[in-house]
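**Q** Sharing a structure, written as structure tokens. Questions coming.
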Amino acid sequence: MEYNFREIEKKWQKRWADNKTYQVTEDETKPKFYVLNMFPYPSGAGLHVGHPLGYIASDIYARYKRLQGFNVLNPMGYDAYGLPAEQYAIQTGQHPAITTKENIDRYRGQLDKIGFSFDWNREIRTCEPEYYHWTQWAFQKMFNSYYCNDAKQARPIEELIEVFQKQGSKDLNAACSEELHFTAEEWNSKTEKEQQEILMNYRIAYLGETMVNWCPQLGTVLANDEVVDGVSERGGFPVVQKKMRQWCLRVSAYAQRLLDGLDTIDWTDSLKETQKNWIGRSEGAEIQFKVKDSDLEFTIFTTRADTMFGVTFMVLAPESELVSQLTTDAQKAEVDAYLERTKKRTERERIADRSVTGVFSGSYAVNPFTGEAVPVWISDYVLAGYGTGAIMAVPAHDSRDYAFAKHFGLEIRPLVEGCDVSEESFDAKEGVVCNSPRKGAVPYCDLSLNGLTIKEAIEATKKYVREHNLGRVKVNFRLRDAIFSRQRYWGEPFPVYYKEGMPYMIPENCLPLELPEVAKFLPTETGEPPLGHAVKWAWDTANNRVVENEKIDNKTVYPLELNTMPGFAGSSAYYLRYMDPRNHQALVDKKTDEYWRNVDLYVGGTEHATGHLIYSRFWNKFLYDLGVSVTEEPFQKLVNQGMIQGRSNFVYRIKDTNTFVSLNLKDKYDTTPLHVDVNIVSNDVLDIEAFKAWRPEYATAEFVLEDDGKYICGWAVEKMSKSMFNVVNPDMIVEKYGADTLRMYEMFLGPVEQSKPWDTNGIDGVHRFIKKFWSLFYDRNGNYLVTDEPPTKEELKSLHKLIKKVTGDIEQFSYNTSISAFMICVNELFGMKCSKKEILNQFVVVLAPFAPHVCEELWETMGNTESVCDAEWPACKEEYLVEDTVNYTVSFNGKARFNMEFPADATPDAIQADVLADERSAKWIEGKNIAKVIVVPKKIVNIVVK
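Every letter in the sequence shown is one number past the one before it in UniProt numbering, and letter 307, counting from 1, is 307.
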């Protein structure tokens, strides 16, 4: 019987769906294992072959764990809100819900063809009210919580109110936007609005003034990864920095816990280091600087307070409120022009760019240690969100300060007498090299005040700062609070209404607050977000329902929030919802959460190394504080899959003609290379008729061919992109070769974590392997070959080598070497003409995670009644791997001459005797004396002759 993959795959995909093979429920009799892929956004372009890479890798592991007896949760759903759908709606007028559903339907069809073991009964979509109900609920909980630094957890805001009523802000140790000082009497005398404004300073979800990436044409705030080279990734529109009042989440309160949690999870060192750098913990001191000839003063944060004597200028971030206060009239025009230029650069670009820009404010600050006046400059290498947005510059001991000082001709003063700070001494990596006569060349002047080491000097200076009330010792973090507002339509609505300009939550039992219909998806003419077009978007507090805007009276009916939540709102706790997706009473049932606990294996791209993973970990820790999540860390093990790059093909057009010349002949002509659709190229050979039909201008094309009549295309490895015509649709691969071939080939391309080029030239080999495996069961005439004969020792050895290899490889995600092992084993069994059921039954189980369709079919043909998914993973029996013989290399004076086989239990004396008696040895011994014979067990025999 022929291997008809189309019929087999269609049959088993239907069987799996009908039998609910992958539907899973909590089962206390089995250990659990939770496998999860990072939330996909269903784009209109659908899947290309790069997208399923991580899904296939996680699916293999999920199937493997199920075969090991685990109860495996492997869900899938859609991150369905996003700017692309909204932009398409703006361009076409079609509602984002329609295009999103169409994209999801296409995505689902493609996924089903590849044969994933997803439990579709648990599918979630972030755009559905039953899902974002719990995003809104979590937001309300954050609004009604503050972070207690003493308890190191989120606590109800009511507790904070009680503290204020009894003692004001005295001895309060809570995360806040700014330090506030007031008595209980002052608190109790304030109006409701004034009290709400104070509470906003402490809430975990709060309204705050922040610098954002504002795109006027899109009418919305953009995340850093949505901005490229100063323009929006979507549409290429200019983006500027703008201060706006936005909803924020106090992620910074959890910074230390986010750091500490990294020690408890199984992530790569490089990924942990990325997170640590993003969180950016630093210990230092906040020091007050007064402004010369002014009552103004400002605070700087420094990790090197010991370098105060090397300060020669100060630098403010362009966004700092101090800029307007310190800029003199004489400098105003120059400063304003600089600020205007800076608005066009995102924070990420400023961090990456090492070029030097800046402008003098006209003011001077007084060094509290020396009393010296130093100039205050403004530069975009200082960021408003880190520290206080102002720094003291010590150019002799900091590379960026040094570059700034050199560029603007400012003083560079070493801390240690005799230190060489000439340009020649500056090292790009180390900064200024100290040539102190006391200690020789030491990077960054390893001696500081009074001959102390850096550590000693830092501690001494901190003590001095405390004793002289110049500031305070502080731990600082680079991690910022997350901006949580977007001026878009297609997103989760905030369950918030406004009373006297202050936000209030709609009652929890009224959730979800559903997204209203709007006439336009653009901002309003007055600049409000798209929800400003809604005619029924007001909250009636008397009846607890949404009513028409015309009923707003600011007495019982109030306006609702016009912003929506960002994309990461829906993707920050989705892994919890998968545990209990149809629960209408809670985000997740406590007992269910205690069973699944957290994600055992999380698979996704490195592009989420900071944003998503930081936000998800924060969100989970907050829910842990509430007692909702039972573990602090959501993702125990994380694997980043690499990227599949495109393998582009080129044709070569002779200039000023419509004639195309083959690769090996192109140097004879003046040609221009053009990208060609890789789907009409096979093994770099162009399908000429398909090329003519590809685009109208090529219908009359002529060709200069190779001697064998073929047109050979050039090739290059590039990013997979529609513009390069190198996007490969997995549907085409599945149609031509089958899903099992696609699955195995994607894994065969290379290690899961590495990026690699897609190259269809090798896919035939994987397809031939599956057909050869099939031929162990059926001959060319369709005769069934499997017998009940007992296997031989060699057949068992071949099988158990495979079991051992694949088991180890799956645990290490080395799937490419597993597939090589499959090929080797099939060749060995084929050579032994082995079609014995005892061998093939176990082989099918081991191959099933990689090629589930063909394995289900063959498993059934061998008389098994249950799905191969419910088989038992075979154990490797080491006794079958014991070698009966050992191959020894025979050397003379250390040079290998030939090999000999000996029984594994042969003694050194017996080996020596047989080697010396072998006729091949006579040639190397003749006329010489044997000085020594060395037998290294199971390796070599070396004969020393003289």
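Glycine residues also receive a C-beta, built at the ideal position from the N, C-alpha and C atoms.
The structure presented is a predicted model; accordingly, all values stated were derived computationally and were not measured.
According to DSSP, simplified to helix, strand and coil, what is A538?
**A** In the structure shown, A538 sits in a strand (DSSP, three-state: E or B).
**Q** Which residue wins for smallest C-alpha separation from A906, given the options F898, N887, Y652, A922?
**A** The option with the nearest alpha carbon to A906 is N887.
**Q** Under the three-state reduction of DSSP, which class applies to F618: helix, strand or coil?
**A** It is helical.
**Q** Would you mind stating whether M744 and F850 have Cβ atoms separated by less than 8 Å?
**A** In contact: M744 and F850 (Cβ atoms closer than 8 Å).
**Q** Please classify E514: is it buried, with 16 or more other beta-carbons within 10 angstroms of its beta-carbon, or exposed?
**A** With fewer than 16 Cβ atoms within 10 Å of its Cβ, E514 is classed as exposed.
**Q** CB residue 993 to CB L258, shorter than 8 Å?
**A** Outside the shown range of the chain, which is 1 to 946, sits residue 993, and nothing can be said about it.
**Q** For L36, I'd like the list of residues in its chain whose CB is within less than 6 Å of its CB, leaving aside the five on either flank, ordered along the chain.
**A** Same-chain partners within the cutoff: Y575, V599, Y602.
**Q** On the CB-based measure, 16 or more other CB atoms within 10 Å of its CB, does R466 come out buried or exposed?
**A** By the 10 Å Cβ count, R466 comes out exposed.
**Q** Sort out for me which residues DSSP pairs S648 with in a bridge.
**A** In the DSSP output, where bridge partners are listed per residue, S648 has A716.
**Q** Kindly list the residues whose CB is nearer than 7 Å to the CB of F237, restricted to its own chain and excluding five residues on each side of it in sequence; keep chain order.
**A** Around F237: C215, Q217, L218, V231.
**Q** Tell me whether E124 sits in a helix, a strand or coil according to DSSP, three-state version.
**A** The sequence shown places Ile at residue 124, not Glu. I124 falls in the coil class under three-state DSSP.
**Q** Might you give, ordered along the chain, the residues of its own chain that have their beta carbon closer than 7 Å to the beta carbon of A931, omitting 5 neighbours on each side?
**A** Around A931: V944, V945, K946.
**Q** At the level of alpha carbons, what is the spacing between E794 and I839?
**A** If I take the Cα positions, the gap works out to 11 Å.
**Q** Determine which residues share a DSSP beta bridge with P559 and list them.
**A** DSSP, once it has assigned bridges, lists A538 as partnering P559.
**Q** Per DSSP, what kind of secondary structure is R348 in: helix, strand or coil?
**A** Helix, per DSSP.
**Q** On the DSSP bridge list, what partners appear for H675?
**A** Answer is F650.
**Q** Within its chain, find whatever has a CB closer than 6 Å to the CB of N554; leave out the 5 residues flanking it on each side and keep chain order.
**A** No residues qualify anywhere along the chain.
**Q** In this structure, how does DSSP classify E926 when only helix, strand and coil are distinguished?
**A** It is coil, neither helix nor strand.
**Q** Out of Q241, K474, N201, state which residue places its alpha-carbon closest to the alpha-carbon of T220.
**A** It is Q241 whose Cα lies nearest to the Cα of T220.
**Q** Answer with buried or exposed for Y784, where buried requires no fewer than 16 other C-beta atoms within 10 angstroms of its C-beta.
**A** Label assigned to Y784: exposed.
**Q** What residue range is occupied by the uninterrupted alpha helix (DSSP H) comprising A285?
**A** Note, A285: premise wrong, no alpha helix (DSSP H); beta strand (DSSP E) at 281-291.
**Q** Output needed for Y132: all residues of its chain with C-beta closer than 7 Å, excluding positions within five of it in sequence on either side, in chain order.
**A** Answer for Y132: T126, E492, P512, G570, listed in chain order.
**Q** First and last residue of the alpha helix (DSSP H) that includes F769?
**A** It spans 763-774 - the alpha helix (DSSP H) in which F769 sits, taken as one unbroken run.
**Q** Given M823, which residues of its chain have a CB within under 8 Å of its CB, disregarding the five upstream and five downstream residues?
**A** Correct list, in chain order: F769.
**Q** Can you grab the Cα-Cα spacing for the pair L796 / Y880, in whole Å?
**A** Taking the straight line from one Cα to the other gives about 6 Å.
**Q** With DSSP as the reference, label R6 as helix, strand or coil.
**A** Helix.
**Q** Report, in whole angstroms, the separation of the C-beta atoms of Y595 and K32, which I expect to be a contact under 8 Å.
**A** Yes, they are in contact, since the Cβ atoms of Y595 and K32 sit about 6 Å apart, within 8 Å.
**Q** With 16 other CB atoms within 10 Å as the buried threshold, where does M211 fall?
**A** Buried, since its Cβ has 16 or more Cβ neighbours within 10 Å.
**Q** Check whether the Cβ atoms of L531 and V547 lie closer than 8 Å to each other.
**A** Not a contact, by the Cβ cut-off of 8 Å.
**Q** Count the CB pairs spanning the segment 306-326 and the segment 376-384 that are closer than 8 Å, and state whether there are at least three.
**A** With a cut-off of 8 Å, the segment 376-384 and the segment 306-326 count as touching, because enough Cβ pairs lie within range.
**Q** Indicate the three-state DSSP secondary structure (helix, strand or coil) for C825 in the structure shown.
**A** C825 falls in the helix class under three-state DSSP.
**Q** Give me the Cα-Cα distance between Y338 and E321, rounded to the nearest whole angstrom.
**A** Near 15 Å, if we compare the C-alpha coordinates of E321 and Y338.
**Q** Got a sec, what are the start and stop residues for the beta strand (DSSP E) T885 sits in?
**A** Unbroken beta strand (DSSP E) run through T885: 885-892.
**Q** Could you check the C-alpha separation between P84 and R478 for me, to the nearest Å?
**A** Approximately 31 Å between the Cα atoms of the pair.
**Q** Report the residue from K836, E459, E192 whose alpha carbon sits nearest the alpha carbon of P790.
**A** For P790, the nearest C-alpha among the options comes from K836.
**Q** Would you mind reading off the limits of the alpha helix (DSSP H) that contains G642?
**A** From DSSP, G642 is part of no alpha helix (DSSP H); its letter is neither H nor E.
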